[in-house]
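The next block holds one structure in the form of structure tokens; read it before the comments.
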Amino acid sequence: MNITRVRGSGILHDPTTTQKSNIYSFGIILLELIFGRKPIQHGKNIVREVKEAMDEAKDPSELLEILDPKMGWGTSLVCLEKFLDLAMSCVGEISRNRPKRGEVGH
Numbered sequence: 026m027n028i029t030r031v032r033g034s035g036i037l038h039d040p041t042t043t044q045k046s047n048i049y050s051f052g053i054i055l056l057e058l059i060f061g062r063k064p065i066q067h068g069k070n071i072v073r074e075v076k077e078a079m080d081e082a083k084d085p086s087e088l089l090e091i092l093d094p095k096m097g098w099g100t101s102l103v104c105l106e107k108f109l110d111l112a113m114s115c116v117g118e119i120s121r122n123r124p125k126r127g128e129v130g131h
């Protein structure tokens, strides 16, 4: 199979498809699962929204009101924190600082 063109909004991915941009995409998928939102919804970028919410929150429990209730995070704050840390490291602005593929699954 040949892929001739990558589609998507220029906001959410690197201009070339690389291992690091694939990691970024994985981070976006994690954020979609955690928050139950699309990457861009109502003109708001999920990465920016989550960063702002995390900066304002003193601990993960303060994020519960914006999480996807279908995921049942209520008592799993340690798990939530690990998922958020992984997702946010994957969507880091500097691609060389993103985790490697082998680091994401461990």
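Be aware that the sequence shown starts at 26, since it is given in this note's numbering, and climbs by one per residue. A virtual CB, placed ideally from N, CA and C, is assigned to each residue, including glycine. A quick note: this is a predicted structure, and the numbers were derived from the prediction, not measured.
With contact defined as three or more Cβ pairs closer than 8 Å, the segment 56-72 and the segment 93-107 are in contact.
Residue pairing from DSSP places Q66 in a beta bridge opposite K69.
Its chain contains Q44, N47, I48 as the residues whose beta carbon lies nearer than 8 Å to that of R126, once the 5 sequence neighbours on both sides are disregarded; these appear in chain order.
Using a 10 angstroms sphere on the CB of A82, the tally of other CB atoms stays under 16, which defines it as exposed. Where V116 is concerned, there is no enclosing alpha helix (DSSP H), because DSSP gives it neither an H nor an E. By a beta-carbon distance limit of 8 Å, I91 contacts A78. Their separation comes to about 6 Å.
Using a 10 angstroms sphere on the CB of L89, the tally of other CB atoms stays under 16, which defines it as exposed. Secondary structure note for I48: its alpha helix (DSSP H) is the uninterrupted segment 44-60.
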